[in-house]
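Please read the structure below before turning to the comments.
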Amino acid sequence: MKKVITYGTFDLLHYGHINLLKRAKALGDYLIVALSTDEFNWDSKQKKCYFPYERRKQLLEAIRYVDLVIPEESWEQKRSDVEEFKVDTFVMGNDWAGRFDFLKDICEVVYLERTPEISTTQIKEELGEK
Ligand code: C2G
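Following this line, the structure appears as structure tokens:
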């Protein structure tokens, strides 16, 4: 079984996220999503989520491409996650291109094209304007 992992906040879930998850799953048989906790988002990414972790997790678990959701609590957990879950392929959108190449000694690292013209930030801004 070929295992894939990806990381993210996935707040205000939108089709850009779904496009990423669909393509990530297509690279293997089993997709793990490491979902940023509320604390990690705030402390490390200065992101305040609209939906709390449990709601974002609930949404991700309802997606056919997602097999397992685990918490992302630190920048440093990727190597141990890949080893613990015996991951074959690490996937991120290409806004992160190159940032995780240090994992190439233990797994394949793939950066996928982001879906243009959609982002959680843009959704928030446009809703804020109305
Ligand atoms: N994404 C995408 N297209 C978009 C928006 C997002 O392909 N229009 C991808 C991102 O590139 C990322 C994933 O969807 O791979 C999740 O996006 P975010 O929730 O914004 O993730 P981010 O805050 O970048 O967190 O340790 C890594 C971080 O947790 C990544």
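Going left to right, the sequence shown walks through residues 0 to 129 as numbering that gives the first Met the number 0 numbers them. The beta-carbon is built from N, C-alpha and C at its ideal position, and this holds for glycine as well.
* **Exposure of E83, with buried meaning 16 or more beta-carbon neighbours within 10 Å** => Per the 10 Å Cβ criterion, exposed.
* For V81, name the three-state secondary structure that DSSP assigns. => Helix.
* Asked: Start and end of the beta strand (DSSP E) containing G7?
  -> Its beta strand (DSSP E) spans residues K2 to G7.
* Exposed or buried, A61, counting other C-beta atoms within 10 Å across all chains shown (16 or more means buried)? -> The residue in question, A61, is exposed, as its Cβ has fewer than 16 Cβ neighbours within 10 Å.
* Would you tell me roughly how many angstroms separate the C-alpha atoms of T40 and Y14, rounded to the nearest one? => According to the sequence provided, residue 40 is Asn. The question's Thr does not apply to it. Roughly 21 Å separates the two Cα atoms.
* Close beta carbons around R55, own chain, < 8 Å, minus the five adjacent residues each side -> If we look at R55 and ignore the five residues flanking it on each side, its Cβ neighbours are T8, F9, D10, L12, L34 and C48.
* **For E107: DSSP bridge partner residues** => For E107, which the question treats as bridged, DSSP gives the partners T88.
* Tell me whether I31 is buried or exposed, calling it buried when 16 or more other Cβ atoms sit within 10 Å of its Cβ. => Classification of I31: buried, given that the 10 Å Cβ count is 16 or more.
* Under 8 Å between C-beta atoms of K21 and Y52 -> At the C-beta level, K21 and Y52 stay beyond 8 Å of one another.
* Neighbourhood of S73 by C-beta, 7 Å cutoff - its chain only, sequence neighbours within 5 removed -> F39.
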